[in-house]
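So the sequence shown is residues -27 to -1, 1 to 271, counted in mature numbering (1 follows the signal peptide of the UniProt record, and there is no 0). C-beta: ideal position from N, C-alpha, C; glycine also.
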Amino acid sequence: MTSKKQILIAAFSGPLMAGLVTGAASAADYAPVYAQPEAPVIVEQAPMPVASGWYLRGDVGHSFDAKGDGSYGVWDEGSGTSTEFDYDEIKLRGNTDFSVGVGYRFNQYLRADATLAYWKRDVFGSSSAFGDTVTFDDTSKASAWEMMANAYIDLVTWGKVTPYIGGGLGFTRVKYGTMKNRSWCNVAGPGCTDYWADHGGLTSTRFTWALMAGMTVDITASTKFDFGYRYSHIKGGKAFGWDASDLAAGASGTQGRDDGFGVHQVRAGLRYEFGGPQAAYQPEPLPVYNEGPAPVYK
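Right under this line is the structure:
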């Protein structure tokens, strides 16, 4: 009896153990197996393409009335000499100005350009002489070509708006038209008569400096709208010569001069940067990390 029980137990225990072993092996097949992690790899982004920083610009400005000083000579036929008097005021009437230019952006903050501008304005001068017994009233027109080299600092960018400051140095070629001179006597007396006379305008090249401030608004990646304020100072120079009667009496050279003008101006324009987005400031890209393969489940 005992041997039969042992045979039955052995007969059933064999398949049972085999099933347990097979089940354990199957369960082992679903256990997670982790691959050895690799060290993080920093993937460097490709450098941005080098783009030209060249740009073109065009501006339209409005210059306000500018007041200045000056002087003129009065010819004395008897002595053959001239006496110099100061103008009470010379006024350069405000008008519209136009300018074009080409420039280069060096980096996020610094750019520079060369500009050529043209303007034309009316000029008025008035004064009294000889103890206020004679009053002079002069009218003319002045036109000018202005050539400037300018540098700008772009301060900081908020969205699409970038404020800037700048300065420039250059020259202005000022050409006066015919100056019409009228004088009249304030007190009647011998030797004083009213008269009209024309004086030929003169041309001179004057040193000019300017200060600017404004803001740039991005319309597109390449097109910028520029709005700003500009103050420029034009050095003094010769304005007009002697009239026909004075020339006939022996006068020569320059009769009238201005002492220069300080001009306040507001202007607006467009700037096109050929480099597109690459010509403007680009933030430094962040590095990309490769963490290695994820765990593999079998």
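Asked, Found
"For a test of the three-state rule: what should DSSP assign to W182, helix, strand or coil?", "strand"
"What does a CB cutoff of less than 7 Å around T196 pick up in its chain, not counting 5 residues either side in sequence?", "L243, Y245"
"Return the Cβ separation of T112 and N159 in integer angstroms, given the expectation that the two are a contact with Cβ distance under 8 Å.", "About 19 Å separates the two Cβ atoms, so there is no contact after all."
"Among D38, R230, T135, whose alpha-carbon lies nearest the alpha-carbon of T93?", "Checking the sequence, you will find Lys at residue 93 rather than Thr. Of the candidates D38, R230, T135, the one whose C-alpha sits nearest the C-alpha of K93 is D38."
"When the Cα of W215 is compared with those of K208, Q228, M185, Y204, which residue comes out closest?", "Q228"
"Going by alpha carbons, who is nearest to L65 out of F247, A241, H237?", "H237"
"Measuring alpha carbon to alpha carbon, tell me which residue in M120, Y77, F71 is nearest I207.", "M120"
"Going by DSSP, name the residue or residues bridged to Q158.", "Reading the sequence as shown, one finds Cys at residue 158 and not Gln. Looking at the DSSP assignment, C158 forms a beta bridge with V107."
"Output the boundary residues of the beta strand (DSSP E) element that contains A39.", "39 to 41"
"Report yes or no: do three or more beta-carbon pairs, one from the stretch 55 to 71 and one from the stretch 82 to 100, lie closer than 8 Å?", "yes"
"Are the stretch 184 to 191 and the stretch 134 to 147 touching by the rule of at least three beta carbon pairs closer than 8 Å?", "yes"
"For K153 versus T176, is the C-beta spacing smaller than 7 Å?", "no"
"Is the beta carbon of A124 sitting closer than 7 Å to the one on L142?", "no"
"Quick check on DSSP: helix, strand or coil for A1?", "Unreliable positioning characterises A1 in this predicted model, as indicated by a pLDDT of 47, which lies under 50. A coordinate reading is not provided."
"Between which two residues does the alpha helix (DSSP H) harbouring L220 extend?", "217 to 221"
"Out of F144, T178, L220, which has the shortest C-alpha to C-alpha gap to S205?", "F144"
"Is the beta carbon of S156 sitting closer than 7 Å to the one on F213?", "no"
"Run through the DSSP bridge pairs and tell me what D171 is partnered with.", "K153"
"Could you give the distance in angstroms between the alpha-carbon of S44 and the alpha-carbon of G34?", "29 Å"
"Restricting to runs no shorter than 4 residues, where is the alpha helix (DSSP H) found entirely within the stretch 55 to 119?", "none"
"Helix, strand or coil for L243, going by three-state DSSP, please let me know.", "strand"
"Whether or not the stretch 218 to 226 and the stretch 40 to 56 are in contact is what I'm after, with contact meaning three or more pairs of Cβ atoms, one per stretch, closer than 8 Å; do they touch?", "yes"
"Where does G53 land, buried or exposed, given buried means 16+ other C-beta within 10 angstroms?", "exposed"
"Within this structure, are the beta carbons of D86 and S36 separated by less than 7 Å?", "no"
"Sort D171, R240, A90 by Cα distance to V75 and report the nearest one.", "A90"
"What residues are listed by DSSP as bridge partners for I207?", "T181, F234"
"Cutting at 6 Å between CB atoms, please list the residues of its own chain near D32, excluding the five before and the five after it.", "S72, R240, G242"
"Hey, D231 and G26: beta-carbon distance below 7 Å or not?", "no"
"Taking the beta strand (DSSP E) that S36 falls in, what are its first and last residues?", "27 to 36"
"Pick out whichever of Q81, L29, T166 has its Cα sitting closest to the Cα of D127.", "Q81"
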